[in-house]
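Listed in order, the protein sequences are those of chains A and B.
Letter by letter, the first sequence follows residues 13 to 315 of the numbering used here.
Letter by letter, the second sequence follows residues 13 to 315 of the numbering used here.
Report on the following structure.
There are 2 protein chains.
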Amino acid sequence: MTSPTGYAARLHAACRAKNSVVCVGLDPRFEMLPREFTEGRDAGPAARAAAFSLWARELLDVVAPLAPVVKPQSAFFEVLGAAGVAALEATVAAARERGLLVILDAKRGDIGSTAAAYAQAHLAAEGADALTVNPYLGRDTLEPFVARCRDAGKGIYVLVKTSNEGSADFQDVGVVDGGLLRDRVASAVAALGATTPAAQDGFRAVGAVVGATYPRELADLRRAMPHAPLLIPGYGAQGGGAQDCRPGFAAGGLGAVVNSSRGLTFAFAKGEHAERFGHAGWRDSVDAATRAMRDALNEVRGG
Amino acid sequence: MTSPTGYAARLHAACRAKNSVVCVGLDPRFEMLPREFTEGRDAGPAARAAAFSLWARELLDVVAPLAPVVKPQSAFFEVLGAAGVAALEATVAAARERGLLVILDAKRGDIGSTAAAYAQAHLAAEGADALTVNPYLGRDTLEPFVARCRDAGKGIYVLVKTSNEGSADFQDVGVVDGGLLRDRVASAVAALGATTPAAQDGFRAVGAVVGATYPRELADLRRAMPHAPLLIPGYGAQGGGAQDCRPGFAAGGLGAVVNSSRGLTFAFAKGEHAERFGHAGWRDSVDAATRAMRDALNEVRGG
Numbered sequence: 013m014t015s016p017t018g019y020a021a022r023l024h025a026a027c028r029a030k031n032s033v034v035c036v037g038l039d040p041r042f043e044m045l046p047r048e049f050t051e052g053r054d055a056g057p058a059a060r061a062a063a064f065s066l067w068a069r070e071l072l073d074v075v076a077p078l079a080p081v082v083k084p085q086s087a088f089f090e091v092l093g094a095a096g097v098a099a100l101e102a103t104v105a106a107a108r109e110r111g112l113l114v115i116l117d118a119k120r121g122d123i124g125s126t127a128a129a130y131a132q133a134h135l136a137a138e139g140a141d142a143l144t145v146n147p148y149l150g151r152d153t154l155e156p157f158v159a160r161c162r163d164a165g166k167g168i169y170v171l172v173k174t175s176n177e178g179s180a181d182f183q184d185v186g187v188v189d190g191g192l193l194r195d196r197v198a199s200a201v202a203a204l205g206a207t208t209p210a211a212q213d214g215f216r217a218v219g220a221v222v223g224a225t226y227p228r229e230l231a232d233l234r235r236a237m238p239h240a241p242l243l244i245p246g247y248g249a250q251g252g253g254a255q256d257c258r259p260g261f262a263a264g265g266l267g268a269v270v271n272s273s274r275g276l277t278f279a280f281a282k283g284e285h286a287e288r289f290g291h292a293g294w295r296d297s298v299d300a301a302t303r304a305m306r307d308a309l310n311e312v313r314g315g
Numbered sequence: 013m014t015s016p017t018g019y020a021a022r023l024h025a026a027c028r029a030k031n032s033v034v035c036v037g038l039d040p041r042f043e044m045l046p047r048e049f050t051e052g053r054d055a056g057p058a059a060r061a062a063a064f065s066l067w068a069r070e071l072l073d074v075v076a077p078l079a080p081v082v083k084p085q086s087a088f089f090e091v092l093g094a095a096g097v098a099a100l101e102a103t104v105a106a107a108r109e110r111g112l113l114v115i116l117d118a119k120r121g122d123i124g125s126t127a128a129a130y131a132q133a134h135l136a137a138e139g140a141d142a143l144t145v146n147p148y149l150g151r152d153t154l155e156p157f158v159a160r161c162r163d164a165g166k167g168i169y170v171l172v173k174t175s176n177e178g179s180a181d182f183q184d185v186g187v188v189d190g191g192l193l194r195d196r197v198a199s200a201v202a203a204l205g206a207t208t209p210a211a212q213d214g215f216r217a218v219g220a221v222v223g224a225t226y227p228r229e230l231a232d233l234r235r236a237m238p239h240a241p242l243l244i245p246g247y248g249a250q251g252g253g254a255q256d257c258r259p260g261f262a263a264g265g266l267g268a269v270v271n272s273s274r275g276l277t278f279a280f281a282k283g284e285h286a287e288r289f290g291h292a293g294w295r296d297s298v299d300a301a302t303r304a305m306r307d308a309l310n311e312v313r314g315g
């Protein structure tokens, strides 16, 4: 049995091939979808879930040439119960069919055999390429996910410094032995990453989530985890700009992908692209917003 | 509109009515279910999910008189994808039909509108009574869940000190201003609880998870969060005993429920009850194990 190609190698190959580090977040909300998907589909969770799947497929057609990776947010699918989870499964499959990598944003975390069940559920062979995970329960609880990185070429992104204001409450607590809690978590990320195979550029399969809303912290954490792929949320709607993301990239301009959700997928709803293309031109506004983000990041990331 | 009865009041009424503080954990694993449910049902996720639902319903019939609350572990249902989530929904409904409260163990946590989506998904009017949540992202990310406590009579259990060995890695980190990280989280639990209505005995809707495997910490944390309902995992299979749980109870013998999963639901697979009742007598072994746990806790909890 040959080892599967590691997550970082696959991600970076995709970034190079598309000359893009954009991650398109898929946060479907029924009320916000283009009307062509919602009309006649408001009769319960199964109908709404069908709208999600149809929308996602068409959206993926638009963004596939412009982004290496998409990030479905599990919560918005879970709202629709089992029907929503079926729509999530269909969306992950549709992304893979279009050559997109998939980061499932589910922020799972639990102990022992329960963590193993989450890893099995969300990093299945035919499922997502990577999963966001929460470190609060401890390093041993990340191990079952790291095992999937080693054995199945999957990746994880551990929450280190999230983009919200309240992220300071616990993540930025000063630790008696020095540094902040997030530095502790970053050390664990680096150590766990070292147990996964290195890609040619040195990157490992254990990554970290660090918000674009904290550029100084992003620079510190990039140094602390030089071989961790970063997932940078907080771009656009949350206030982060391309310049804020610059410290997240390694020499060569890779090592991070930057996520935007509403700012891309619902670009038809407000702002410059909305005015230009109108509601019916939603595909064009997604296309224009994704290109603009791609180009803005390419300008700052170097490489 | 009258306010719904708060979670703590409903939980304590149920504990009194059944004279029990046992929480029965539902962690279905196909290979471990009694054969009568698995035979002929190994052909894919839908068949396995059907086995989960059937098993859970019969199990709930056995434990309903003996326990106030059950705790389905979402991960084991999520392993079966959408079919598993449908089985989870059916299990929650079956528990409620039998007068059981439901703590959904899903350890969710995310920011802003995503947290709100998780709260909507897992604390729906007809869904679980309470949800386990992860605090790492910060206090603001717990707020949408607390809002469901206030508005819909639901409860949450925030992870404070989990039962696993690695829980020390981050939860027990010493904080510069004094105390440990878990004490910080406990303060947030108490403060958030104070924003929810008090039950007659003073308890609030914001609870905490503290492992039976750490009895000293349990005593400290009980004092730090005098009105937080505690969910105590780690009993039985993980090594905690009734004596270890004693510090978790408030005067009056309430304020905490103690969870056991495998030790109750799979009591037919090994140990004294297995020998006595055999595989075919799985209902009797669940009944005996649950009664034994109930009685052991009643002996130590006072009240």
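A virtual CB, placed ideally from N, CA and C, is assigned to each residue, including glycine.
Query: Alpha carbon of GLY150 of chain A to alpha carbon of GLU51 of chain A, nearest angstrom; Result: 46 Å
Query: Assigned exposure category for ARG194 of chain A - 16 Cβ within 10 Å defines buried; Result: buried
Query: Whole-angstrom distance between TYR148 of chain B and ASP189 of chain B, CA atom to CA atom; Result: 18 Å
Query: Cα-Cα separation, ALA26 of chain B to ASN146 of chain A; Result: 33 Å
Query: For SER65 of chain B, the first and last residue of its enclosing alpha helix (DSSP H); Result: 57-75
Query: ALA220 of chain B - partner residues in DSSP beta bridges; Result: B:VAL170, B:LEU242
Query: Where the alpha helix (DSSP H) through LYS30 of chain A begins and ends; Result: 19-30
Query: CB-CB length for ALA140 of chain B against VAL114 of chain B, believed under 8 Å; Result: 4 Å
Query: Proximity below 8 Å, CB of TRP67 of chain B to CB of PRO84 of chain B; Result: no
Query: Residues, ordered as in the chain, of the region 27-47 of chain A that lie near chain B by beta-carbon distance below 7 Å; Result: none
Query: Between the CA atoms of ALA262 of chain B and VAL222 of chain B - distance to the nearest angstrom; Result: 14 Å
Query: Close Cβ partners of THR153 of chain A (< 7 Å) along its chain, the five nearest in sequence each way excluded; Result: GLY121, ASP122, ILE123, ALA127
Query: MET13 of chain B classed as buried or exposed, judged by whether at least 16 other C-beta atoms fall within 10 angstroms; Result: Note that MET13 of chain B scores 47 on pLDDT, short of 50, meaning its location in the model is unreliable; the coordinates nonetheless yield the value given after this. When all chains shown are included, MET13 of chain B counts as exposed.
Query: Residue closest to PRO245 of chain B, alpha-carbon to alpha-carbon, out of B:LYS282, B:ARG235, B:LEU276; Result: B:LEU276
Query: Beta-bridge partners of SER272 of chain B, as assigned by DSSP; Result: B:VAL36
Query: ASP299 of chain B burial status per 10 Å Cβ neighbour count (16 or more: buried); Result: buried
Query: CB contact below 8 Å: TYR130 of chain B versus chain A; Result: yes
Query: Straight-line gap, VAL75 of chain A to ASN310 of chain B (C-alpha atoms, nearest Å); Result: 60 Å
Query: Partners in chain B for VAL188 of chain A, counting only beta-carbon separations shorter than 8 Å; Result: VAL185, GLY186, VAL187, VAL188
Query: Proximity test, Cβ basis, 8 Å: ASP122 of chain B and chain A; Result: yes
Query: Environment of THR208 of chain B [buried if 16+ CB atoms lie within 10 Å]; Result: buried
Query: Reference ARG235 of chain A, options A:GLY260, A:ALA304, A:ALA224, closest by Cα; Result: A:GLY260
Query: Selected residue, minimal CA-CA separation from ALA102 of chain A, among A:LEU38, A:MET44, A:ASP163, A:ASP213; Result: A:LEU38
Query: Test: PRO147 of chain A CB closer than 8 Å to a CB of chain B; Result: yes
Query: Cα-Cα separation between TYR247 of chain A and ALA308 of chain A, rounded to whole angstroms; Result: 11 Å
Query: For ALA99 of chain B and ALA61 of chain B, believed in contact at Cβ under 8 Å, the rounded distance; Result: 4 Å
Query: Which of helix, strand or coil DSSP assigns to GLY186 of chain B; Result: strand
Query: Continuous beta strand (DSSP E) assignments of at least 3 residues falling wholly in the region 77-122 of chain A; Result: 81-84, 113-120
Query: THR302 of chain B - containing alpha helix (DSSP H), residue span; Result: 294-313
Query: Classification of HIS239 of chain B by the beta-carbon crowding that lies within 10 angstroms, buried from 16 upward; Result: buried
Query: Where TYR226 of chain B falls: helix, strand or coil (DSSP); Result: coil
Query: Distance CB(LEU112 of chain A)-CB(THR144 of chain A) smaller than 8 Å; Result: no
Query: Delimiting residues of the beta strand (DSSP E) encompassing ALA142 of chain A; Result: 142-145
Query: Outcome for THR302 of chain A when other beta-carbon atoms lying within 10 angstroms are tallied against a minimum of 16; Result: buried
Query: Partner residues on chain A for LYS119 of chain B, Cβ-Cβ distance less than 7 Å; Result: GLY121, ASP122
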